[in-house]
Structures are given as C-alpha cells and as structure tokens.
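Here is the structure we will look at, set down as structure tokens.
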Amino acid sequence: MDNIVFIYRDPLFGIAILIAIIATIALLDYSHNKYKAQKKSKSLRDLAKSYEHTTLNQDIVNFVQISPKALPSLMLIAKAHSQSGDSQTAINIYLSLLETIKDSKEKINILEALGNTYLDAGFLQRAKDIFTQILKTYPRNSNAMSSLMQTYENMGEYQKALEALNCLDEITPQNNQNFINNKNYFYLMILLNTHTIPIVTKIKNAIAIGNNNPIFRKHILRFLKTYDLNAFWNYLLTMYNPKNIIDILWEIPQQNLPKNIHEYPNIFEIFVAKGFFEEEVKFEFFELEILYLARHYSKKQINLNFEYRCHNCKSIFPFDSLRCPNCSDLGEMDLILKPLEQK
C-alpha cells in the first residue's frame with residue numbers, strides 16, 4: 001500500500017499521466033481529422049460518380065494513368081473547348097479526369113472547372129449541385145461561392161444570390177463599390193420579381209434605387225415602360241443624355257408619346273428620324289441624321305440596328321444585359337447605333 005501511495009505522489013507519475021492525456025488527445029484529433037478527410041474524399045467521389053452516365057473518354061483515362069503530369073495540359077485543352085463553345089467535349093474531358101485523379105485538391109479544381117462549364121452551357125441545376133457540394137466540403141472556397149452566386153442569379157433565385165454574395169464577402173472582403181452595386185442589383189431584382197409586392201410599391205422603390213444607382217436606370221425604364229407609361233416618361237425626361245436609351249425609345253409607338261415631346265429636343269429628334277414628325281431639327285446624333293437624310297433623299301430603305309458594348313472589357317453583343325456575359329462586370333452597356341440598309 002505504501003508503495004502505491006509513493007508511486008502516486010511521485011512527480012514522474014504526474015508527468016506520465018500528462019503525457020498520456022496529451023497523446024490521447026492528439027490521437028483523437030488525428031483520428032477526427034482523418035475521418036473528416038475521408039468523408040470529404042468520399043463526398044467528392046460520390047459527386048463525381050453521379051455524372052458517370054455521361055460517356056467517358058477512355059483514351060484520356062488511360063493517358064492520365066500512364067502520365068499523371070499531363071493533367072494541366074488536359075485542363076487547358078478542356079478549357080479551350082469550353083471557350084470555343086464545344087461544351088460537350090470539355091465536359092467529357094473533365095469527367096474522364098475525375099474518374100482518374102485521386103488527389104482531393106486536384107478533384108476540387110476539376111469540379112470547379114466542370115461546374116463553370118455547365119454554368120456557361122446553361123445546365124444551371126448541374127452547376128448548382130456541383131458548387132453546393134464543393135462548399136459543403138470546403139465552405140471557404142471563394143471561387144465556388146462566386147460561381148454559385150452567378151448560378152443563382154441566372155436561375156432567377158435572387159434572394160439566394162444575395163445570400164451567396166454576403167457569404168463571399170465574409171470569405172474574401174469585396175471591393176466596396178462592387179459589393180454595393182451587386183447588393184443593390186439583387187435588391188432591385190428581388191423587388192421587381194416578387195409577385196406579392198404591389199406595382200405601385202415596385203415603381204416607387206425602383207425609382208428610388210435608380211436615383212441612387214444610375215447604372216440601373218435603363219433596366220428600371222424597361223420595367224416602367226411595361227407597367228406605367230406615365231411614370232416611364234416622368235422618369236425618362238429627367239435624364240440629360242438619352243443616347244444610351246435610344247433602343248428603348250425606338251420601340252415606342254407614336255400614340256404613346258407625350259404631348260410636350262417637342263420641348264425635349266434631344267429626345268424629339270429620335271422620333272423625327274423615325275418618321276413620326278416631318279419637322280426639321282438639328283441632330284445631335286450622327287446616326288439619326290443619316291436615317292433622316294436617307295428617308296428624304298434616298299430610295300434605299302435604311303433601318304436602325306443596335307449593338308451593345310461592355311464598358312469594362314469592350315466585348316460587343318447583339319443583346320443588352322446588366323451583367324456582361326464575358327467578364328461579368330455589372331453596369332449599363334454602351335449602346336452602338338448601326339444604320340443598315342434593309343434588303
């Protein structure tokens with residue numbers, strides 16, 4: 001008994017117990033981390049297997065098994081196919097790589113690329129599933145969160161897109177103005193697409209958002225043109241330069257013009273060029289003057305077409321969009337007027 005008490009009081013015994021506790025904690029922590037890693041790996045494998053019904057390229061599978069260092073080159077090839085519009089080939093390459101690659105980090109990179117390819121090709125539900133699963137496994141993946149936000153936006157789920165934007169800002173603090181613009185954009189889209197909000201409330205709040213955020217004015221004008229012509233004209237006539245909204249005004253029939261349209265020369269000239277009025281005016285826009293002269297002095301039929309140029313990347317598109325399809329920049333596109341002969 002005395003020997004037991006002696007051992008218990010021995011300082012070495014206390015140290016041994018402390019070491020044993022530390023070792024036990026370290027072992028448990030290691031086991032827990034290993035379990036989490038295995039769970040993440042299994043989650044990624046299950047996600048990859050969910051797309052196995054798509055035809056795999058066995059040549060790529062065999063090639064990567066023989067030469068694992070070829071992965072970066074194959075990723076570039078897949079990206080090139082995706083950018084050229086051949087989404088199916090890019091998807092097949094990514095799925096073949098997922099079947100072959102075992103490293104979790106490399107799988108994440110492939111899954112992100114696959115998700116973005118689905119997003120660009122319009123397979124929004126598949127893109128959403130991939131980005132959601134990546135974030136369940138790696139919640140602080142800013143690339144996946146940004147792509148998920150864009151996916152929600154394309155699906156019209158603006159409330160979820162707003163939540164994703166806030167999460168993205170927590171992961172990686174955003175540029176202040178860019179964050180505010182995106183936040184106001186989602187607020188505007190939620191407002192305009194919520195059917196339970198009365199039209200009167202939508203118009204009032206939309207105009208308030210537009211007054212504080214000029215980049216949304218054109219989008220708001222399109223909404224007002226559809227639901228309240230009086231509000232449309234009241235809002236439009238406060239704008240100093242109508243060049244960027246000529247495409248909207250070009251669609252308006254003559255009977256919907258306000259009686260005092262003559263009092264606004266820079267807007268009135270648009271409808272003179274279109275042939276609604278026969279008065280002579282001093283044109284501010286060269287393209288409109290071409291239409292006017294052609295209508296009076298030429299037998300050729302000239303029509304006005306429109307193209308839209310991103311203010312950021314300068315890419316040109318045949319359609320208007322608040323967010324550039326190429327660089328995802330948010331803002332009003334520059335309107336390009338193109339008088340073309342009608343054949």
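All residue numbers for the sequence shown refer to UniProt numbering, where the first residue is 1 and numbers rise by one.
Where a beta carbon is used, it is the ideal one built from N, C-alpha and C, also for glycine.
Only a predicted model underlies this, so the values are computations on that prediction, with no experimental measurement involved.
Cβ distance (whole Å) where residue i is taken to contact residue j below 8 Å
{"i": "residue 315", "j": "residue 326", "result": "4 Å"}
{"i": "residue 329", "j": "residue 309", "result": "Residue 329 to residue 309, Cβ: 12 Å. No contact."}
{"i": "residue 249", "j": "residue 261", "result": "Contact doesn't hold; Cβ gap of about 10 Å is too wide."}
{"i": "residue 134", "j": "residue 111", "result": "6 Å"}
{"i": "residue 246", "j": "residue 337", "result": "7 Å"}
{"i": "residue 165", "j": "residue 141", "result": "Not really, about 15 Å apart at Cβ, beyond 8 Å."}
{"i": "residue 216", "j": "residue 257", "result": "The pair is not a contact, with the Cβ atoms about 24 Å apart (cut-off 8 Å)."}
Backbone CA spacing between residue i and residue j [nearest angstrom]
{"i": "residue 53", "j": "residue 89", "result": "Confidence in residue 53 is poor, its pLDDT being 45 and thus under 50, which makes the residue's placement too unreliable to answer from."}
{"i": "residue 168", "j": "residue 296", "result": "57 Å"}
{"i": "residue 160", "j": "residue 318", "result": "29 Å"}
{"i": "residue 121", "j": "residue 131", "result": "15 Å"}
{"i": "residue 116", "j": "residue 281", "result": "51 Å"}
{"i": "residue 340", "j": "residue 277", "result": "21 Å"}
{"i": "residue 79", "j": "residue 106", "result": "15 Å"}
{"i": "residue 65", "j": "residue 101", "result": "8 Å"}
{"i": "residue 179", "j": "residue 99", "result": "38 Å"}
{"i": "residue 192", "j": "residue 69", "result": "50 Å"}
{"i": "residue 410", "j": "residue 243", "result": "Nothing in the structure corresponds to residue 410, since the chain is present only between 1 and 343."}
{"i": "residue 225", "j": "residue 153", "result": "23 Å"}
{"i": "residue 237", "j": "residue 210", "result": "14 Å"}
{"i": "residue 289", "j": "residue 322", "result": "29 Å"}
{"i": "residue 176", "j": "residue 119", "result": "26 Å"}
{"i": "residue 204", "j": "residue 239", "result": "17 Å"}
{"i": "residue 71", "j": "residue 300", "result": "58 Å"}
{"i": "residue 137", "j": "residue 264", "result": "59 Å"}
{"i": "residue 202", "j": "residue 218", "result": "16 Å"}
{"i": "residue 172", "j": "residue 148", "result": "15 Å"}
{"i": "residue 60", "j": "residue 123", "result": "24 Å"}
{"i": "residue 286", "j": "residue 271", "result": "14 Å"}
{"i": "residue 279", "j": "residue 259", "result": "15 Å"}
{"i": "residue 109", "j": "residue 145", "result": "14 Å"}
In DSSP terms, what residue i is bridged to
{"i": "residue 234", "result": "Looking at the DSSP assignment, residue 234 forms no beta bridge with any residue, so it has no partner."}
{"i": "residue 213", "result": "Partner(s): none; residue 213 has no beta bridge."}
{"i": "residue 307", "result": "336"}
{"i": "residue 323", "result": "330"}
{"i": "residue 317", "result": "308"}
{"i": "residue 302", "result": "341"}
Exposure label - residue i; buried when at least 16 CB within 10 Å
{"i": "residue 76", "result": "exposed"}
{"i": "residue 324", "result": "buried"}
{"i": "residue 342", "result": "exposed"}
{"i": "residue 4", "result": "The predicted position of residue 4 is uncertain, since its pLDDT is 49 and thus under 50; a value taken from the coordinates is nonetheless stated next. Exposed, because fewer than 16 other Cβ atoms sit within 10 Å of the Cβ of residue 4."}
{"i": "residue 269", "result": "buried"}
{"i": "residue 24", "result": "exposed"}
{"i": "residue 232", "result": "buried"}
{"i": "residue 208", "result": "exposed"}
{"i": "residue 185", "result": "buried"}
{"i": "residue 293", "result": "exposed"}
{"i": "residue 194", "result": "exposed"}
In chain order, each alpha helix (DSSP H) run of at least 4 residues that lies wholly inside the stretch 151 to 185: 158 to 171
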